[in-house]
Structures are given as C-alpha cells and as structure tokens.
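Visitor: Residue numbers (the numbering used here), protein chains in the order written: chain A, 41 to 205; chain B, 41 to 205. Let me give you the structure first, and then I'll get to my questions.
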DNA sequence: TACTTCTTTAATGATTTTGTGAACGCACGA
DNA sequence: TCGTGCGTTCACAAAATCATTAAAGAAGTA
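See the structure below:
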C-alpha cells in the first residue's frame, strides 16, 4: 500500500473514533471528528477545507467549531487579505481537554446539587412525618456522595496527577 | 400544602433529575429514574409497582432494571408464595456507583487505546515520510494523555479519596 | 456605496434512539 | 400435569437528535 493512502486511512479511522467518543460525551459526533482531524493536521485549516475533508456541510462545521472553541480546544485565527477563518488545535490541548471535561462534569453536578437542596428545603418546610424523615435521610446521603465526588475533582493531589508532562 | 403531596412532588422532581443525569451518561433516562425512585423508597418494589409509579411499561422497566442489576446498583429478591420479582437499591450503592462509572470510563478508554495502537502499527509498517512522522508524534502524545488519565483512575490516592464514609 | 465572499442562523428532512403493545415462554402452585 | 401469573422478547410507532439546504448577515474591497 502506498504511503499517502496509509496515512489517509489511519487519519480517517482515528477521526471516526474521535466522533464516537465525542458522541458518548454528549457533544455530538462532528465535534470529535473536527478535533481529531485538526489534531492530526499540520498547521491550520479553513472552515471550508474542514467541511470538504470531512464530507460535511459548512454549517455543521461552523456550529461544532465554535463549540470546540468555547471549550478552549480550538483556536481560530485570521490572515491578512483573506476572509476565511482558520482553525487549529489549542497549543495546550491536554490541559484544555482536562479543563473542558472537568467543566462539563462540574456543570452537571451543579444541577444535581440544586435539585437536592431544593428538595431538602421543601421537605423541611412541610410537616414532619416518618416518611419525610426517611427521604431527608436519603437526600443527605446523596449530598455527601456528591460532595465527595466534587472534592476529588477539586483535590490538589488529583490536579497534580492529571497534569500531563 | 399537605405533607404527602410535598413528598410526592419532591420525589418526582428528584426522579426526573436522575433520569436526566443517567441520560447524560448514555445509560438511558429510565435507568436513572428507577434508581432514584427506589433510592427514595423504603423497602422493596415489584416490577409492576415500579412501572405503575413511574408511568412506564413493564417492558421498559424489565430491561432497565436488569441493566442496573448488572451494574450492581440494584438487588432483586423473591418471596415465598409470590411470583413477583422485587427490587431495592444495593446496600453499598455508593461503592457500586463509583465502580460502575469507573468501569464505563475504562471501557471507553480501552476502545480508544485499541484505535491508537492499530493506527500506530499501520503507520510504522508503511514507508517513512515527514507526514508519517508528524502523525506518529501526535499519536504518541495522545497515548500519553490516555495513560495519564488511566493512571489517575487507578491511582490508590484517588481510590482513597473517592471512598464514601 | 455596492459587490463579493465567507460565516451564521433557522427551518426542514432524515436517521437514530427510545418506549410500547402483544405474543411468548417459563415457573410456580394447585 | 395443567392453568395462571409473571417476566421477557420482538416488531413497530413515536420522539428526539442530527445534519443539510437555503436565506440572512457581516466584513472586507473596489
């Protein structure tokens, strides 16, 4: 098999793998495809190049790319006498990836925390009963669970461990 | 507001919250709903009770409940002179939840690891070129990233931290 | 200012996922 | 061993998600 075709096969398969895992994370497959494609590309790519190379519409790329940028995983840049927007993976992509995932997790945990607090408040407002007490107990256990998870994420030891050399 | 209706409102909202987070984890909403519903229920519930209380079909409950059992989050039990199957949350639900999530993550990482290795192999087989070298470099960085993440998950310090008292 | 080129937004169509109803089959009790 | 009650499976319907096309918007250039 020729050299260039090996490369393109490999690139394609990894791109697809990226798509799948991004989908697993609830970010949509295109997001992952773009990220991997750029990660395996030397230098920058314009929006329509990416669309062409991945066989997707420019609209789809536009949306996904901005999502990636907001997660800090992509950088966009412009050049003189050229109206195109160019993208490349962030230089500190490892950190960004870590941060991004953390943020995602933290958001979801925050939502859960709200629910738990609100539930607790409402139960405390209402009149007491054996069942209220039971549910309050369960909620408190759940809160402890969540706090532990949070603590792990924020823990300096973990942060140290997750730093890529 | 009366006591019992406060309770049922709270239970319903928390159940829905559980559904959402389970969906985020790619487990399907029903899985989360059942788990929370049982977590907030004293004692056991039969399959059709759960179906009734959540307003879902027995088929759906059957499938989701077995999934939860295989994750170690639910226990099923039977009683004499009663053909129904009963479910309750596992006693060590915190540990089980932690283990289950870890397993989930580990599986996904395993898939990614395969892709990376295979890609690496194929590139090494093929003829050398500047581009091959570039992509190989990228793949190696990715592998390092993955290894670091893995190491964190397996790390005894993290395990200690994630233990719920 | 008007034209060109590129990105973004919004609405529609397609695909995938999810849940249900009905039929099936197993096991327990009589 | 037969009948009944329960859990499970499968095919289909409904719903959610995803991606595209078309049209609007923005920014540079003459």
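Think of the CB as a built atom: it goes at the ideal place given N, C-alpha and C, for glycine as much as any other residue.
Kindly indicate which residue of 182(A), 140(A), 111(A) has the alpha-carbon position closest to the one of residue 137(B).
Guide: Position 97 of the second chain, counted from the start, is the residue given in the question as residue 137(B). Of the listed residues, the one whose Cα sits closest to residue 137(B) is 182(A).
Visitor: Let me see if you follow: with CB-CB separation under 9 Å, is residue 136(A) close to chain B or not?
Guide: Position 96 of the first chain, counted from the first residue, corresponds to residue 136(A). Judged by the 9 Å Cβ criterion, residue 136(A) is not in contact with chain B.
Visitor: On the DSSP letters alone, give me the boundaries of the alpha helix (DSSP H) that residue 108(A) sits inside.
Guide: For the purposes of this step, residue 108(A) is taken as residue 68 along the first chain, with counting starting at 1. Residue 108(A) -> alpha helix (DSSP H) spans 98-110.
Visitor: Please report the distance separating the alpha-carbon of residue 154(A) from that of residue 130(A).
Guide: Taking the first residue of the first chain as 1, we reach residue 154(A) at position 114. Taking the first residue of the first chain as 1, we reach residue 130(A) at position 90. Each residue's Cα considered, the two are about 33 Å apart.
Visitor: Could you work out which residues of chain A lie near residue 52(B), taking near to mean beta carbons separated by less than 9 Å?
Guide: Looking up residue 52(B) in the second chain gives position 12. By Cβ distance, chain A contributes nothing, its closest Cβ being about 10 Å from residue 52(B), past 9 Å.
Visitor: Can you give the Cα-Cα distance for residue 58(B) and residue 50(A), rounded to whole angstroms?
Guide: One-based indexing of the second chain puts residue 58(B) at position 18. One-based indexing of the first chain puts residue 50(A) at position 10. Roughly 39 Å separates the two Cα atoms.
Visitor: Since residue 197(A) meets chain B, which of its residues come closer than 7 Å, beta carbon to beta carbon?
Guide: On the first chain, position 157 is the one that residue 197(A) refers to. Those are 197, listed as they occur along chain B.
Visitor: Residue 162(B) to residue 185(A), Cα distance in whole Å?
Guide: On the second chain, position 122 is the one that residue 162(B) refers to. On the first chain, position 145 is the one that residue 185(A) refers to. In a straight line, the C-alpha of residue 162(B) is about 45 Å away from that of residue 185(A).
Visitor: Does the beta-carbon of residue 48(B) have 16 or more other beta-carbons within 10 angstroms, so that it is buried, or is it exposed?
Guide: Within the second chain, the letter at position 8 stands for residue 48(B). The residue in question, residue 48(B), is exposed, as its Cβ has fewer than 16 Cβ neighbours within 10 Å.
Visitor: Which chain B residues are close to residue 66(A), counting only those with a beta carbon under 8 Å from its beta carbon?
Guide: Translated into positions along the first chain, residue 66(A) becomes position 26. Residues of chain B passing the Cβ test: 64, 66.
Visitor: Can you tell which of 199(B), 174(B), 107(B) has its C-alpha closest to the C-alpha of residue 75(B)?
Guide: Locating residue 75(B) in the second chain gives position 35, where the first residue counts as 1. Nearest option by C-alpha distance: 107(B).
Visitor: For residue 84(A), which residues in chain B fall below 9 Å Cβ to Cβ?
Guide: In the first chain, counting from the first residue as 1, residue 84(A) sits at position 44. Under the 9 Å cutoff, chain B gives no residues; its nearest Cβ is about 14 Å from residue 84(A).
Visitor: According to a CB-to-CB cut-off of less than 8 Å, which residues of the region 69-96 of chain B neighbour chain A?
Guide: Correct list: 79, 80, 82.
Visitor: Based on DSSP bridge pairs, tell me the residues matched to residue 78(A).
Guide: Position 38 of the first chain, counting from 1, holds the residue named residue 78(A). DSSP lists no partner for residue 78(A).
Visitor: Going along chain A, which residues have a C-beta under 7 Å from residue 214(B)?
Guide: Because residue 214(B) is not part of the residues shown, which for chain B are 41 to 205, the question remains open.
Visitor: In three-state terms, what does DSSP make of residue 45(B)?
Guide: As a position in the second chain, residue 45(B) is number 5, starting the count at 1. Three-state DSSP puts residue 45(B) in a helix.
Visitor: CA-CA distance, residue 128(A) and residue 177(A)?
Guide: As a first step, residue 128(A) is located in the first chain; it is residue number 88 there, counting from the start. As a first step, residue 177(A) is located in the first chain; it is residue number 137 there, counting from the start. Rounded to whole angstroms, residue 128(A) to residue 177(A) spans 50 Å at the Cα level.
Visitor: Of the residues that make up the region 159-181 of chain B, which ones have a beta carbon closer than 7 Å to any beta carbon in chain A?
Guide: The residues in question are 159, 162, 163, 166, 167, 169, 171, 172, 174, 175, 178.
Visitor: For residue 41(A), does the count of other Cβ atoms within 10 angstroms reach 16, so buried, or fall short, so exposed?
Guide: Here residue 41(A) refers to the residue found at position 1 when the first chain is read from its first residue. Only weak support exists for where residue 41(A) lies, its pLDDT of 49 falling under 50; the value from the coordinates is given anyway. Answer is exposed; the Cβ neighbour count stays below 16.
Visitor: What is the rounded straight-line gap between the Cα of residue 105(A) and the Cα of residue 88(A)?
Guide: The residue labelled residue 105(A) in the question sits at position 65 within the first chain. The residue labelled residue 88(A) in the question sits at position 48 within the first chain. So the alpha carbons of these two residues sit roughly 12 Å apart.
Visitor: Let me know if residue 73(A) comes out buried or exposed under the rule of 16 or more other beta-carbons within 10 Å of its beta-carbon.
Guide: Working through the first chain from its first residue, we reach residue 73(A) at position 33. Under this definition residue 73(A) is a buried residue.
Visitor: From the DSSP secondary-structure annotation, give me the bridge partner or partners of residue 122(A).
Guide: Here residue 122(A) refers to the residue found at position 82 of the first chain. Paired residue(s): 119(A).
Visitor: Between which two residues does the alpha helix (DSSP H) containing residue 168(A) stretch?
Guide: The sequence position of residue 168(A) within the first chain is 128, counting from 1. From DSSP, residue 168(A) is part of no alpha helix (DSSP H); its letter is neither H nor E.
Visitor: What residue from 56(B), 123(B), 159(B) has the CA that sits closest to residue 151(A)'s CA?
Guide: Position 111 of the first chain, counted from the start, is the residue given in the question as residue 151(A). Cα-wise, what sits closest to residue 151(A) is 56(B).
Visitor: Determine the extent of the alpha helix (DSSP H) in which residue 94(B) is found, giving its start and end residues.
Guide: Taking the second chain and counting its residues from 1, one reaches residue 94(B) at position 54. First-last of the alpha helix (DSSP H) with residue 94(B): 87-94.
Visitor: What does a CB cutoff of less than 7 Å around residue 68(A) pick up in its chain, not counting 5 residues either side in sequence?
Guide: Along the first chain, read from residue 1 onward, the residue named residue 68(A) stands at position 28. If we look at residue 68(A) and ignore the five residues flanking it on each side, its Cβ neighbours are 62, 104.
Visitor: Using beta carbons (cut-off 9 Å, strictly below), is residue 148(A) in contact with chain B?
Guide: Translated into the one-based positions of the first chain, residue 148(A) becomes position 108. Yes, its Cβ sits closer than 9 Å to a Cβ of chain B.
Visitor: Quick one: grab the DSSP three-state call for residue 114(A).
Guide: Position 74 of the first chain, counted from the first residue, corresponds to residue 114(A). Strand.
Visitor: Which word fits residue 140(A), buried or exposed, when buried means at least 16 other C-beta atoms lie within 10 angstroms of its C-beta?
Guide: As a position in the first chain, residue 140(A) is number 100, starting the count at 1. Burial call: buried.
Visitor: Would you kindly work out how many angstroms separate the C-alpha atoms of residue 91(B) and residue 85(B), rounded to a whole number?
Guide: In the second chain, counting from the first residue as 1, residue 91(B) sits at position 51. In the second chain, counting from the first residue as 1, residue 85(B) sits at position 45. Residue 91(B) and residue 85(B): Cα-Cα distance of roughly 10 Å.
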